[in-house]
Amino acid sequence: MKMSNGFDTAFFAGRFGLGGLTAIVTGAGSGLGRQAARTLAATGAHIALLGRRPEPLQETAELIAEAGGTARTFPVDVADQEAVRLALDAIQQSMPPLWVLVNNAGVGGRAALLDVDEKMFDRVFDVNTKAALLMATAFARRLIDRQLPGRIINICSLAAQTHSRYLGIYGASKAALEHLTRTMAHEWACHGINVNAISPGFIETDINRAMFQTPAGRKIVESLPRQRLGTPEALDGALLTLASPASAFMTGSTLVVDDGQRFSIG
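Heads up: the sequence shown begins at 0 in numbering that gives the first Met the number 0, then just goes up one per residue.
Structure (structure tokens):
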């Protein structure tokens, strides 16, 4: 079947459709995680929504249901290994076969290195790095046990590759995740599990919108090559590619989605 604009819908359904499979998204209650969940739901995937707070997860589930998709919520602390194990068990027992994990859960952390204390360091690395590793290993172990292929997508950050002021600890946590992405890809390649990362630039969300409206925030935007911020939808293309069978020959890669912002960031 071909649409009137010439696109072969059967081809794209085969390449990008995820019907009858489960996609897990962490940090799915808002921002990039919510958008990723909605986008993957549109491909026909059943979505497992993970996050600490039940209410935002339920809001995401309702948005997916309104669009004709299917989603279930699993409130969980993704930095707690036992909680992650129990959540993955519940997902595996109640949903279609696992296919893709989107490690999106993350926290910010702006501070000069001299002001970073142990509590801040642990908070940033626990969520941005450790939690992603715990989720990925729990997910991969289940695929390997059942000899199933799959996809893991780690949401990193341009801060991992640049040296923005006061983002040293945050950037380090994401740089560690990029390194883990390559290691996961290497170790699990023989099992048919492709592991890649997306490195976004400045994306406007509910969490940072107020900051970008301050004089300092406006100055950041004005310094960018196109003087604009991204929206969560900007990651859809990279996400769909990496989540789908179309990425069969891609593993260990990081896709930078930043509108060229890296050219003006230190």
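Ideal placement from N, C-alpha and C gives every residue a C-beta, glycine not left out.
All values reported here derive from a predicted model rather than from experimental measurement.
Helix, strand or coil for LEU162? Go by DSSP, reduced to three states. In the sequence shown, counting from the first residue as 1, residue 162 sits at position 163. Position check: residue 162 holds His in this sequence, whereas Leu was assumed. Coil, per DSSP.
From the DSSP output, read off the bridge partner residues of SER198. Counted from its first residue, the sequence shown places residue 198 at position 199. Beta-bridge annotation (DSSP): SER198 is paired with VAL255.
Quick one, which of THR230, PRO244, ASN193 and ALA78 has its alpha-carbon nearest ILE143's? The residue you call residue 143 lines up with position 144 of the sequence shown. For ILE143, the nearest C-alpha among the options comes from ASN193.
Mapping DSSP to helix, strand and coil, what is PHE73? Walking along the sequence shown from the start, residue 73 turns up at place 74. Collapsing the DSSP output to three states places PHE73 in a strand.
First and last residue of the beta strand (DSSP E) that includes GLY216? Here residue 216 is taken as the residue at index 217 of the sequence shown, counted from 1. Run containing GLY216: none in the beta strand (DSSP E); it sits in the alpha helix (DSSP H), 214 to 222.
Neighbourhood of GLN80 by C-beta, 6 angstroms cutoff - its chain only, sequence neighbours within 5 removed: Here residue 80 refers to the residue found at position 81 when the sequence shown is read from its first residue. Within the same chain, Cβ atoms closer than 6 angstroms to the Cβ of GLN80 are found at LEU133, the five residues on either side in sequence being excluded.
Using only the alpha-carbon positions, how far apart do ILE168 and ALA139 sit? In the sequence shown, residue 168 corresponds to position 169, counting from 1. In the sequence shown, residue 139 corresponds to position 140, counting from 1. Distance between the alpha carbons of ILE168 and ALA139 is about 28 angstroms.
Using the C-alpha atoms, what's the distance from ILE219 back to LEU48? As a position in the sequence shown, residue 48 is number 49, starting the count at 1. As a position in the sequence shown, residue 219 is number 220, starting the count at 1. If I take the Cα positions, the gap works out to 32 angstroms.
For ILE46 versus ALA70, is the C-beta spacing smaller than 7 angstroms? The sequence position of residue 46 within the sequence shown is 47, counting from 1. The sequence position of residue 70 within the sequence shown is 71, counting from 1. Their beta carbons are under 7 angstroms apart, which means ILE46 touches ALA70 by this criterion.
Just confirm the distance between the C-beta atoms of VAL106 and VAL126, as a whole number of angstroms; I'd bet it's less than 8 angstroms. Locating residue 106 in the sequence shown gives position 107, counting from the first residue. Locating residue 126 in the sequence shown gives position 127, counting from the first residue. Right, their Cβ atoms sit about 5 angstroms apart.
Take ASN4 and list the residues in its own chain whose beta-carbon comes closer than 6 angstroms to its own, dropping the five residues that flank it on each side. Here residue 4 corresponds to residue number 5 of the sequence shown, with the count starting at 1. At ASN4, the pLDDT of 45 sits below 50, so the modelled position is not reliable; the number obtained from the coordinates is stated separately. When the five nearest sequence neighbours on each side are left out, no beta carbon in the same chain lies closer than 6 angstroms to the beta carbon of ASN4.
Which same chain residues end up closer than 6 angstroms to ALA44 when comparing Cβ atoms and leaving out the 5 residues on each side of it in sequence? Counted from its first residue, the sequence shown places residue 44 at position 45. Excluding positions up to five away in sequence, the list reads LEU17, LEU20 and ALA22.
Across the stretch 248 to 258 and the stretch 178 to 195, are there enough close Cβ pairs to call them in contact, namely three or more that are closer than 8 angstroms? Taking a contact to require three or more Cβ pairs closer than 8 angstroms, the stretch 248 to 258 and the stretch 178 to 195 qualify as touching.
Near ALA245, which residues of its chain fall below 7 angstroms by C-beta distance, leaving aside the five closest residues on each side in sequence? Here the question's residue 245 lines up with position 246 in the sequence shown. ARG14 and PHE15.
Length at least 3, wholly inside the stretch 26 to 88: the beta strand (DSSP E) runs in chain order: Qualifying beta strand (DSSP E) stretches, in chain order: 45 to 50 and 69 to 74.
Among ALA242, PRO199, ALA130 and SER243, which residue has its Cα nearest to the Cα of GLN260? On the sequence shown, position 261 is the one that residue 260 refers to. The shortest C-alpha separation from GLN260 is found at PRO199.
Option nearest GLN226 by Cα separation, candidates GLU232, LEU239, ALA237 and PHE262: By 1-based counting over the sequence shown, the position of residue 226 is 227. Taking only the C-alpha atoms, the option nearest GLN226 is PHE262.
Meets three-Cβ-pair contact criterion under 8 angstroms: the stretch 140 to 160 and the stretch 116 to 125: Result no; under three Cβ-Cβ pairs closer than 8 angstroms.
Taking the C-alpha atoms as reference points, what is the distance between LEU239 and PHE120? If you number the sequence shown from 1, residue 239 lands on position 240. If you number the sequence shown from 1, residue 120 lands on position 121. When the Cα atoms are used, LEU239 and PHE120 turn out to be separated by approximately 32 angstroms.
For ARG181, which beta-bridge partners are listed by DSSP? Here residue 181 is taken as the residue at index 182 of the sequence shown, counted from 1. Note: ARG181 sits in no beta bridge, so no partner.
From ALA242 to GLU232, what distance separates their C-alpha atoms? The sequence position of residue 242 within the sequence shown is 243, counting from 1. The sequence position of residue 232 within the sequence shown is 233, counting from 1. Within the model, the alpha-carbon separation for ALA242 versus GLU232 is close to 15 angstroms.
What does the alpha-carbon distance come out to for the pair ALA36 and LEU223? The count along the sequence shown starts at 1 and reaches residue 36 at position 37. The count along the sequence shown starts at 1 and reaches residue 223 at position 224. Taking the straight line from one Cα to the other gives about 28 angstroms.
Which value, in whole angstroms, describes the spacing of the CA atoms of GLY270 and ALA41? With the chain covering 0 to 265 only, the question about residue 270 has no answer from this structure.
Span separating the alpha-carbon of ASP258 from that of SER163: For the purposes of this step, residue 258 is taken as residue 259 along the sequence shown, with counting starting at 1. For the purposes of this step, residue 163 is taken as residue 164 along the sequence shown, with counting starting at 1. CA-CA distance, ASP258 to SER163, rounds to 17 angstroms.
Evaluate MET0 with the Cβ neighbour count: other Cβ atoms within 10 Å of its Cβ, from every protein chain shown; 16 or more gives buried, anything less gives exposed. Taking the sequence shown and counting its residues from 1, one reaches residue 0 at position 1. Because the pLDDT at MET0 is just 35, under 50, the model does not fix this residue reliably, and the value given afterwards should be weighed accordingly. Label assigned to MET0: exposed.
C-alpha gap between THR161 and ALA174, whole angstroms: Start at 1 with the first residue of the sequence shown, and residue 161 comes out as number 162. Start at 1 with the first residue of the sequence shown, and residue 174 comes out as number 175. About 10 angstroms.
What residues are listed by DSSP as bridge partners for ALA22? One-based indexing of the sequence shown puts residue 22 at position 23. ILE46 and VAL99, per the DSSP bridge assignment.
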